[in-house]
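> First the structure, then my questions, so here it is.
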Amino acid sequence: MNGFVGIGSVGETELIRILTYQDAGDIFLRIAKNPQATPEAKLYAACGLKKLNNNNGEADFAQEWDKPVSVLKGDILRTEKFKEVYFNILKHGCW
Numbered sequence: 011m012n013g014f015v016g017i018g019s020v021g022e023t024e025l026i027r028i029l030t031y032q033d034a035g036d037i038f039l040r041i042a043k044n045p046q047a048t049p050e051a052k053l054y055a056a057c058g059l060k061k062l063n064n065n066n067g068e069a070d071f072a073q074e075w076d077k078p079v080s081v082l083k084g085d086i087l088r089t090e091k092f093k094e095v096y097f098n099i100l101k102h103g104c105w
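When we follow our numbering, the leftmost residue of the sequence shown carries the number 11, and every step to the right adds one.
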């Protein structure tokens, strides 16, 4: 949820919608492996894969490690490194 009013972002809304699909794991893997996907999109895919406890394949995020990503916490937009956000997702999930 974004800001103090709790409105979901487009990325979060799409993530939740994709989670309802029977082939959600495959969709998230395609996003994670897509060289045209933004680092933020790949993090949403990582969230989906974590939520599904995906074991059907592994995304390689090595090229993204040091890229900056925009993260909205509360009503503050920050820039963090991809790898920091990714490892936080692995440890704590997204919700």
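Heads up, the beta-carbon is just placed ideally off N, CA and C, and yes, glycines get one too.
#1: Could you check whether lysine 60 and leucine 100 sit closer than 8 angstroms to each other, using their CB atoms as the reference points?
#2: Which complete beta strand (DSSP E) runs does the segment 18–93 hold, if anything under 3 residues is left out?
#3: Between Ile26, Thr89, Ser19, Gly18, which has its C-alpha nearest leucine 62's C-alpha?
#4: Keeping to the same chain, check which residues put their C-beta closer than 7 angstroms to that of isoleucine 41; ignore five residues upstream and five downstream.
#5: Between glutamate 74 and proline 49, is the Cβ-Cβ spacing less than 8 angstroms?
Answer, in terms of the structure:
#1: yes
#2: 78–83, 86–91
#3: The shortest C-alpha separation from leucine 62 is found at Ile26.
#4: Ala47, Ala51, Lys52, Ala55
#5: yes
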